[in-house]
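Before any comments, here is the structure.
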Amino acid sequence: MALAFVNRLQHPRHVMCAYCRSAQRCSSTWKCPEGHDTGIKVYNTAVHEKVPLILQTDGVIKWYACGPTVYDVAHVGHGCSYVRFDIIRRILEKFYNFNVVMVMGITNVDDKIINRAREAKLPADMIAKQYENEFLADMSRLRVLPPALFMRVTENIDSIAQFCATLKDKGMAYAVDDSSMYFHVAKYPRYGLFRADCHGEHTEQTESKKDPRDFAVWKGAKPGEPKWSTPWGPGRPGWHIECSAMASQVFGSSVDIHTGGKDLIFPHHENEEAQSCSYHGVYQWVNYWLHSGHIQVKKGGKVEKMSKSLGNFVPMSQFLQDHSVNEFRMFCLCSPYNKDVELTPKTLDYAKSTLRKMHDFVTDVEAYLEGRLLCGTPNEPDILEKLEKLREEVKVAFGDNFNYPKAVSSVVKFINYVNQTLQSKQSSRIGAR
């Protein structure tokens, strides 16, 4: 359905925005796209600065989101990332009235899944399905809007294999004796979009690789692992190629927005961009890379990222036993989406108190409008003037890299003003809240 919709999109008349035209913002690694300027500035990880959000098709946003590798339960850090991007999506859809076509990839075959299946003595596909269902249940509880389309790796093996074959035919990948295939990094001169000095990091030298930076687009079959047949031998997809192939099925040679946690910047997103540009023969595949910050926790006096590898994570389902969904979403609203935030009693209490303030304000306003709140006559023209100012502040905040913490702060400031006005004139209240 999403594929058919995107294929029907008209090619727009391209207009480069004045910002990019006058400031010469196109760098050697990222090119400001041509199209329709939304008036929004977004922080693009590819250039480490805020740049104009320009859409290829007026009113339509093609968005690919890296989904989970389903080998374990989602923790609070995962939940925060998806809620943050859900807030941005709602701003784009509800505030700006854009049609967001979001596709999310689900990695349901992977080394981690295979290892977990061995530990549990269960089939890998059973493990993947179990944790995918738990992830979807968590997202539903968090009220994260579902994408237009979920794409699972095992349901797209043929297209992934075809993607690999095309890279090989173009000389950008090479097969080796064990049926594996590697992307030839040296053949892609722009490698290093996110990290120019990436030699020796996240690399592994083997006798079959031509360059330590080369990474597997296809992994040769090993005993007891899932495998699929290809012309160069049986095996399964590499991690990075999966997202490239699945996103390309829907969006083709260009994606407006690509999101994920900042831990995916390198090597995952670096490799995605390299593969996809090589496959499509384009200079730039993704126009805007947006990455969410991490949840941090204090352990032994040290602040560190919440992660499964560090053993300091709290499952999302467990967290929601003690905190409401609204409290968690407000917690996510109170910090910039691309910054780390520490999960502490203090930050949670601030979110709870902010939520309570908003709830009480709505209750008081409803009571006032229904004549149940006894107070003097407030200066309504003054309040309406402040309300108009609030609207403008929220608009400016949303247009500045979706600065919803600033918008929340402006709303709280307005609430405090109205509360002060009502309380100064209020003599009594009818009924208890």
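Residue numbers (UniProt numbering): 1 to 433.
Note that CB positions come from ideal geometry on N, CA and C, so glycine has one too.
Nothing here was measured: the structure is a model prediction, and the numbers come from that model.
Check your understanding: Taking contact to mean at least 3 C-beta pairs separated by less than 8 Å, is the region 306-321 in contact with the region 58-67?
Key -> no
Review point. Excluding sequence positions up to five away, which residues of its chain have a Cβ less than 7 Å from the Cβ of V51?
Key: R25, C32, K41, V42, N44
**Study point:** Every unbroken alpha helix (DSSP H) within the region 144-185, with a cutoff of 4 residues, ordered by chain
**Key:** 157-169
**Study point:** Test: G235 CB closer than 8 Å to a CB of chain C
**Key:** The displayed structure is made up of one protein chain only, and chain C is not part of it.
Point to revise | Sub-8 Å separation of S159 and W218 beta-carbons | key: No. Outside cutoff.
Point to revise | Three-way DSSP call (helix, strand, coil) for T344 in this model | key: coil
Exercise for review: Sort G35, H291, G371, M246 by Cα distance to S276 and report the nearest one.
Suggested key: M246
Check your understanding: Name the DSSP beta bridge partners of V303, please?
Key -> K298
**Study point:** DSSP-derived helix/strand/coil call for C334
**Key:** coil
Review point. Skipping 5 residues on each side, what residues in its chain have a beta carbon closer than 8 Å to that of V303?
Key: Q296, V297, E342
Exercise for review: Express the C-alpha separation of L320 and E134 in angstroms, rounding to a whole number.
Suggested key: 14 Å
Practice item. Could you tell me the distance, in whole angstroms, from the CA atom of T166 to the CA atom of I106? Key: 23 Å
Check your understanding: Using the rule of at least 16 other Cβ atoms within 10 Å of the residue's Cβ for burial, across every protein chain shown, is P223 buried or exposed?
Key -> exposed
**Study point:** Own chain residues within Cβ distance below 7 Å of W232, not counting five before or after
**Key:** A175, S179, M181
Review point. Can you tell me the Cα-Cα spacing of L422 and L373, whole angstroms?
Key: 9 Å
Check your understanding: Skipping 5 residues on each side, what residues in its chain have a beta carbon closer than 6 Å to that of N416?
Key -> none
Check your understanding: According to DSSP, is N44 helix, strand or coil?
Key -> strand
Check your understanding: In the structure shown, what three-state DSSP assignment does N419 receive?
Key -> helix
Check your understanding: For residue 440, which of helix, strand or coil comes out of DSSP?
Key -> As displayed, the chain neither begins before 1 nor continues past 433, which places residue 440 out of reach and without an answer.
Review point. Do Y404 and L355 have their CB atoms nearer than 8 Å?
Key: no
Review point. When we look at the beta-carbon of E201 and count the other beta-carbons within 10 Å, is it buried (16 or more) or exposed?
Key: Residue placement at E201 is flagged as unreliable, the pLDDT there being 47, under the threshold of 50; the coordinate-derived value follows with that caveat. Exposed, by the Cβ-count rule.
Check your understanding: Among the residues of its own chain, which have a CB less than 6 Å from the CB of H199, if the five just before and after it don't count?
Key -> Here H199 scores only 48 on pLDDT, less than 50, and its place in the model is too uncertain to base an answer on.
Check your understanding: With 16 other CB atoms within 10 Å as the buried threshold, where does L142 fall?
Key -> buried
Practice item. Given a cut-off of 8 Å, decide if T344 and F331 are closer than it, judged by their beta-carbon atoms. Key: In this structure, T344 does not lie closer than 8 Å to F331 by Cβ.
Exercise for review: Between the Cα of G171 and those of Q162, F183, D177, spot the shortest distance and give me the residue it belongs to.
Suggested key: F183
Check your understanding: If we count the other Cβ atoms within 10 Å of its Cβ and call it buried at 16 or more, is V103 buried or exposed?
Key -> With 16 or more Cβ atoms within 10 Å of its Cβ, V103 is classed as buried.
Review point. With a Cβ-Cβ cutoff of 8 Å, do G252 and F215 count as a contact?
Key: no
Check your understanding: Looking at C-alpha atoms only, which residue of S335, F414, V255 is the closest neighbour of V362?
Key -> Residue F414 is the option with its Cα nearest to V362.
Exercise for review: Using the DSSP secondary-structure output, state which residues sit across from S292 in a beta bridge.
Suggested key: G261
Point to revise | Where K209 falls, given that 16 or more other Cβ within 10 Å makes a residue buried | key: K209 is buried by the Cβ-count criterion.
Review point. With a CB to CB cut of under 8 Å and the five nearest residues on each side skipped, what residues in its chain are close to residue 436?
Key: The question about residue 436 has no answer here: the residues shown for the chain are numbered 1 through 433.
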